[in-house]
Amino acid sequence: MTRVKINELKPLKPRFEVPDVLINDPPTEPLSLLSRDENGVVLSLGADSQRLIVSAKPFRLDIMEGREVLLSLNSRGLLAFEHLRILYLDWLLSLLGPSSISLDFSLPGVENVYGIPEHADSLKLKATDGGDPYRLFNLDVFQYEVFNPMALYGAIPVMLSHSAQRTMGIFWLNAAETWVDISSNTAGKTVFGQMLDYVQGSSETPQTDVRWISESGIIDVFIMLGPTPTDVFSQYASLTGTQAFPPLSALAYHQCRWNYNDQEDVAAVDQGFDDHDIPYDFIWLDIEHTDGKRYFTWDPHKFPQPKDMLQGLLDKRRKMVTIVDPHIKVDSSYKIHNEIRSKGFYVKSKDGGDYEGWCWPGNSGYPDFTNPEMRAWWASMFAYDQYEGSMENMYTWNDMNEPSVFNGPEVTMHKDALHGNWENRDLHNLYGLYVQRATAEGLIERSGGVERPFVLARAFFAGSQRYGAVWTGDNAAEWEHLKISIPMCLSLSLVGVSFCGADVGGFFKSPSTELLVRWYQTGAYQPFFRAHAHLDTPRREPWLFGPENTALIREAVRQRYALLPYWYQLFYHAHHSGQPVMRPLWVEYPQDTATFSMDDQFLLGRDLLVHPVTEEGARGVTAYLPGKGEVWFDVHTFQKHNGAQNLYIPVTISSIPVFQRGGSIIPRKARVRRSSSCMEHDPYTLFVALSPKRFAQGELYIDDGHTFNFDKQKQFIHRRFSFANNALSSRNLAPGSQFTTFSWVEKIVILGASKPSKATLKTHDGKESQLEFEFDASMSVLTLRKPGVNAGLDWTVVLQ
Amino acid sequence: MSCALLLLLMSLALAMGTGAAVEIQRPRGVPLSSELENKPFTCLDGSSTIPFDRVNDDYCDCRDGSDEPGTAACPNGSFHCTNAGFRPAFIPSSRINDGICDCCDTTDEYNSGATCQNTCREMGRKERESLQIMAEITKEGFLLKQQLIHEAKRGQEDKQGKLTELQGSKKGLEEKVEALRTVKETAEDPEKEAKERHLKAWEEQKELLRMEKDKTRMAECVTVGDIQRYFRLQSHLELDPDSDGSLSETETQGLLGGADKVDTSTFETVWSGIKDKYLSEGQSEPPAPVETPQEESRDFVSDHDSDHYPEDYAGEEEEDVEDDEEDDHDEEEEEEKVPPTVQTPEKREDDEVSMPPYDTETQSLIDAAQKARDDFDEAERALREVDDQMKNLEKEIGFDFGPSAEFAYLYSQCYELSTSEYIYRLCPFNRVSQKPKFGGSETNLGLWGQWAGPEGNLYSVMKYDHGQGCWQGPNRSTTVKLTCGKETVVTSTSEPSRCEYLMEFTTPAVCQEPASLDEVLHGHTEL
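The listed protein sequences derive, respectively, from chains A and B. At position 67 of the first sequence (counting the first as 1) the number is 67 in the UniProt record's numbering, and the numbers step up by one without a gap. At position 47 of the second sequence (counting the first as 1) the number is 47 in the UniProt record's numbering, and the numbers step up by one without a gap.
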């Protein structure tokens with residue numbers, strides 16, 4: 001990794017350098033000088049024969065590996081740095097002039113760049129020649145359009161480049177308004193043109209040029225050199241940290257609506273799920289639950305007894321999320337407002353008074369979350385004795401944290417509003433991260449540091465992954481919005497944010513029944529799975545569309561619950577090593593050019609490929625199964641398909657095309673209950689999908705599902721399942737940890753198997769017993785009946 | 001599942017421990033019958049037969065889930081709670097040992113660590129109490145209903161009688177109307193003739209008068225100059241042949257045929273040639289322009305449009321904005337309506353003598369015809385009234401007031417419920433509305449649509465729709481749920497979804513014939 005930092009030597013006043021995003025000061029290594037001449041130096045970048053060539057005139061940096069240039073800085077000479085100047089007319093006020101910065105990057109050999117969320121656009125970024133650049137500026141956008149580079153709610157200034165040879169990353173650490181221009185020498189060419197180039201041995205190698213422009217701050221950029229996608233994820237994680245490990249229940253299904261009207265409504269919806277035998281873990285309350293949009297309070301008529309309501313949910317092992325937005329009603333009878341005002345914690349306007357703007361409660365103040373004292377105070381407001389009516393099964397949602405200011409420019413804060421000494425223009429994109437951080441810290445503190453928090457936020461920045469989940473904001477009940485949910489979450493996944501989802505059903509407007517069903521089927525296989533709807537739309541709880549549709553939605557939700565052990569394990573890895581949960585295919589098949597712009601299907605981890613049906617009236621979908629010489633198994637029918645092919649799959653309204661990679665082992669819990677915590681002690685079914693070489697590997701991760709004990713006290717189980725030489729075994733991957741589970745292995749399903757004569761189980765104490773089995777010869781599926789072994793122990797099953 | 005087997009299996013307890021497979025434990029004092037123990041179990045769907053020790057062994061062997069009625073192993077199984085003291089029930093087997101007490105007898109949580117209290121007795125007692133209360137209400141309500149049916153029947157008969165009566169009087173009235181029509185027409189013919197005669201005489205006389213007047217006038221203005229002055233011809237540039245901006249005397253002379261003096265007949269000939277032009281030009285003078293204020297107000301409106309983003313959030317204010325726009329519009333229209341102030345020459349000319357009164361003969365004919373007309377009109381009005389009454393009656397009789405017209409008493413009544421913010425008003429078979437308590441206008445929440453209960457219980461739900469439109473949403477509608485009660489009251493209202501209201505309404509009219517109390521209680525507590 002290479003960091004390039006450019007600042008003024010003696011600025012008139014300090015320029016803003018983004019704090020609190022890097023998890024620590026990245027360790028530095030001395031560069032050894034390889035050679036020098038009058039115009040520059042050649043430095044060695046450690047191992048791998050990588051070199052950095054610094055040229056003075058014109059200024060330029062080239063990063064080389066061997067004979068190849070990996071990346072050049074300022075090769076187009078677009079480096080710009082407006083140093084701070086006093087504007088002549090206003091020198092008495094010492095008003096400073098423009099302070100923008102810019103730098104260009106050239107990526108030889110690169111045709112594909114990704115990332116820089118949040119945009120409602122394709123996964124592969126488009127060349128922006130002749131149009132608007134991609135804009136990064138956190139905004140509350142009303143009814144956003146798809147396939148558009150316009151700025152949305154969050155901003156992560158990280159771009160990945162990828163070619164069959166190498167994956168790299170550029171992390172532009174700047175929180176001001178930022179624009180990214182992309183041009184490519186192949187973007188305009190047709191496929192035929194590219195083929196012609198290839199046949200004729202085109203003189204021109206493909207190249208992508210990128211230019212970053214920010215309104216203020218300094219140039220501080222990290223070049224992550226990969227070379228593999230996994231390496232880039234690790235490199236980025238080493239800078240900004242990894243995904244917060246959510247409570248297991250947060251990976252289950254969430255039922256939201258603006259608004260559930262009152263306690264009776266909440267009870268009725270809760271009962272509706274039981275009456276229709278559909279699992280759910282969280283019910284959400286939007287802004288109407290408060291007393292006049294005063295967060296941390298309850299409407300005294302609609303929610304007179306919040307603890308009774310929460311206890312009712314707790315009795316069913318379910319949870320609630322209430323909304324707490326970062327705009328505070330200016331009202332002298334409101335405790336939260338009075339305290340923030342008296343402590344001077346509000347963002348200030350340029351003339352020094354408290355900045356005020358219009359939002360849901362009417363006139364509102366905006367707490368200065370960039371102030372650590374403010375954040376500590378905010379966090380303390382989540383204590384059970386401060387947030388009246390709250391209980392341990394109540395979590396938090398931070399909406400509007402761009403921040404949204406209805407009467408502000410572009411519906412956000414004025415750029416000259418002051419956060420201490422800094423203008424909002426310097427740190428605008430960072431505000432949302434701080435809000436989510438302060439809230440997450442509050443939830444941790446209220447439990448004495450024991451419980452993992454769950455906080456959903458709409459605005460985010462690089463590093464937000466450490467504090468919870470994000471969603472794609474106020475989408476619409478349209479097929480295009482269902483489709484775009486896939487690239488939007490994939491783009492976030494690539495830059496550290498794994499816990500992403502879109503409002504199931506679409507927020508604005510009312511979905512057709514078919515769209516709603518398809519959205520549940522898609523959402524069930526996306527990380528954050530929450531249905532949500534606008535206040536003005538008709539009700540759409542899953543049972544309101546007739547018994548057939550209720551059954552379809554029930555089935556989609558049940559598939560989610562059965563797969564929770566795998567989801568949990570993927571999130572553990574995202575937390576542990578920064579590898580994304582939801583992945584574009586090219587992440588696992590980096591040399592397969594066919595996958596580079598694919599964004600209508602995706603992988604969960606390495607082992608599940610999902611191609612949701614997102615077309616209205618679809619009779620079939622064409623899924624691409626990657627991997628030459630690999631096989632994939634349909635998880636519903638167990639049908640085996642070869643890799644490296646486009647597979648046409650006829651679909652009905654009940655189809656959710658999902659495939660398990662041959663060579664993998666996936667644990668599920670087949671006993672779906674009404675909430676995830678009801679399934680805690682339930683047994684596992686292992687799905688062993690054999691590779692053509694009759695080999696498979698998988699994992700199982702178990703902990704208590706909700707505390708930090710996995711981290712602080714190493715209380716977890718992490719096991720490796722391996723199938724090789726006709727034997728399936730479970731061995732410990734974390735000998736230093738300890739945890740006991742009641743869960744056991746109830747069934748082992750081996751796909752692509754042949755019929756054994758005997759199946760022998762050997763347990764950890766050396767005992768042997770015979771397992772009964774069934775063999776389905778038409779599908780080559782072997783089912784081992786009830787091994788009964790505890791999921792935390794060593795065991796082996798030998799097939800003969 | 002056979003009842004005997006079911007009971008037996010329910011009393012089995014399962015032990016589940018770390019690392020150990022689940023085993024069947026025989027509860028103390030309840031031996032498994034050897035006959036059952038040795039007999040293989042066939043899944044209830046017949047799909048397979050398994051050894052008996054695989055029943056309730058916490059592994060799902062039967063596709064229909066029938067081998068695991070006491071465990072959560074089968075995704076499609078169900079568990080039977082005996083619930084002695086209360087009502088027996090089936091629950092999905094996924095609720096066995098999930099840590100949540102579902103069966104009041106606690107039998108679903110035998111191995112989850114959940115501490116459940118047996119609440120069956122208490123629930124049974126409560127249910128009996130409420131059933132008892134309900135039964136009493138139903139009983140009294142049903143009696144009231146009989147009364148309502150009786151009254152409705154009488155009311156219906158009355159209405160039918162009234163209708164028949166009205167039909168009779170209608171026939172009489174129709175005949176009367178026809179008779180009077182003949183009288184009227186007979187009287188109107190001579191009246192018309194007499195009037196026409198009178199009018200014609202008057203027209204002739206008028207023509208004579210006019211000609212005389214013209215002649216006098218012509219005689220008076222004999223010189224071209226006179227004519228020009230009299231008719232102010234200089235200002236009528238449209239008549240100017242050389243378009244030099246004035247109509248000189250010579251030019252007028254030319255228009256009038258060349259002579260410096262004109263006699264009446266010459267003038268008439270020439271005048272009839274230019275008269276039309278002269279008059280029409282004089283009439284078509286344009287109205288005074290009023291443009292400036294109009295444009296200002298337009299700008300004001302469009303400003304609103306371009307700046308409306310925040311209003312999307314402040315939904316309530318949107319209406320105010322619309323009102324403002326309407327006001328602006330009204331002003332514009334008023335300004336446009338400013339009438340032109342130019343007088344037409346024709347009006348000046350219209351200083352005519354009015355028509356002389358009718359002679360007595362004609363007048364008496366007119367009076368006679370007028371009386372015939374009045375009589376006819378009155379008879380027709382009476383007929384219309386009867387028609388209206390009949391229509392209303394027919395409408396009421398035609399309404400679906402339930403199988404025995406038990407809901408008829410609600411017709412043309414209204415019931416109110418006052419909440420913290422609003423007064424809700426239900427006028428059955430007519431409309432539902434909502435009025436803010438503290439000022440503001442009434443909102444229509446729906447007009448009578450139809451009975452909308454489920455099949456077999458159609459008369460349990462009323463649907464009112466096509467109420468006032470919602471901003472960005474559907475028209476308001478209300479569903480009224482009817483339950484049995486002694487009194488006719490609106491008990492609650494809510495808005496479960498935006499602009500879709502729900503009202504609970506009690507009435508004796510939906511009370512069903514009560515089963516005897518014993519039947520109610522015992523029918524539910526038996527296993």
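C-beta atoms are modelled at their ideal positions from N, C-alpha and C, and glycine is treated no differently. Bear in mind that the values here come from a model prediction, so they are computed numbers and not experimental data.
Taking C-beta separations shorter than 6 Å and ignoring five residues to either side along the sequence, the partners of residue 257 (chain A) in its chain run 533, following chain order. For the set A:650, A:342, A:627, the Cα lying nearest the Cα of residue 637 (chain A) is the one of A:650.
The straight-line gap separating the alpha-carbon atoms of residue 411 (chain B) and residue 288 (chain A) is approximately 38 Å. Within the same chain, 239 come within 6 Å of residue 22 (chain A) by CB-CB distance, once the 5 residues on both sides are set aside. Between residue 498 (chain B) and residue 536 (chain A), the gap from beta carbon to beta carbon is short of 8 Å. At a cut-off of 8 Å between beta-carbon atoms, residue 678 (chain A) makes contact with chain B. Interface flag for residue 674 (chain A) against chain B is set, since a Cβ pair is found closer than 8 Å. For the region 218–235 of chain A, the set of residues with a beta-carbon nearer than 7 Å to any beta-carbon of chain B is empty. Under the 8 Å criterion on CB atoms, residue 707 (chain A) is classed as non-interfacial with respect to chain B.
A Cβ-Cβ contact shorter than 8 Å links residue 505 (chain A) with residue 519 (chain A). In the displayed model, residue 442 (chain A) falls within a helix according to three-state DSSP. Boundaries for residue 220 (chain A): no alpha helix (DSSP H) harbours it, while the beta strand (DSSP E) harbouring it runs 219–224, taken from the DSSP string.
Between residue 120 (chain A) and residue 136 (chain A), the beta carbon gap of about 14 Å keeps them out of contact (Cβ cut-off 8 Å).
Not a single CB atom of chain A sits nearer than 8 Å to the CB of residue 68 (chain B). The secondary-structure analysis by DSSP pairs residue 415 (chain A) with nothing; it has no beta-bridge partner. Cβ proximity to chain B below 9 Å picks out 670, 671, 672, 673, 674, 675, 677, 678 from the region 644–678 of chain A.
Residues 390, 396, 439, 442, 443, 445, 446 of the same chain have their beta carbon placed closer than 8 Å to that of residue 382 (chain A), with the five preceding and five following residues left out of the count. Burial is judged here by how many other beta carbons sit within 10 angstroms of a residue's own beta carbon; residue 523 (chain A) has at least 16 and is buried. Taken in chain order, the complete alpha helix (DSSP H) segments of 4 or more residues contained in the region 548–591 of chain A are 564–577, 585–588. Contact with chain A is found for residue 72 (chain B), since one of that chain's Cβ atoms lies less than 8 Å from the residue's Cβ. With the rule of 3 Cβ pairs closer than 8 Å, the region 677–684 of chain A does not count as touching the region 714–728 of chain A. Here DSSP, grouped into helix, strand and coil, assigns residue 173 (chain A) to coil.
Across the structure, residue 432 (chain B) and residue 446 (chain B) are spaced so that their CA atoms are roughly 5 Å apart. In this structure the region 118–133 of chain A does not touch the region 236–252 of chain A; the number of beta carbon pairs closer than 8 Å is below three. Here the region 285–300 of chain A makes no contact with the region 108–117 of chain B; the two share fewer than three CB pairs at distances below 8 Å. Distance from the CA atom of residue 247 (chain A) to the CA atom of residue 572 (chain A), rounded to whole angstroms, is 11 Å. DSSP places residue 448 (chain B) in no alpha helix (DSSP H) but in the uninterrupted beta strand (DSSP E) bounded by 443–451.
Leaving aside the five residues that flank residue 626 (chain A) on each side, the residues in its chain whose CB is nearer than 7 Å to its CB run, in chain order, 585, 589, 592, 595, 643, 644. Residue contact with chain A for residue 500 (chain B): present (Cβ-Cβ distance below 8 Å to some residue of chain A).
The three-state reading of DSSP puts residue 429 (chain A) in helix, counting H, G and I together.
Excluding residues up to 5 positions away in sequence, 613 lie with their Cβ nearer than 7 Å to the Cβ of residue 655 (chain A) in the same chain. Annotated as proximal: residue 459 (chain A) and residue 153 (chain A), with beta-carbon spacing under 8 Å.
Proximity of residue 98 (chain B) to chain A, defined by a Cβ-Cβ separation below 8 Å, is satisfied. Secondary structure note for residue 5 (chain A): its beta strand (DSSP E) is the uninterrupted segment 2–6. Under the Cβ distance rule, residue 746 (chain A) counts among the residues neighbouring chain B, one pair being separated by less than 8 Å. Closer than 8 Å at the C-beta level to chain A, one finds these residues of the region 414–426 of chain B: 420.
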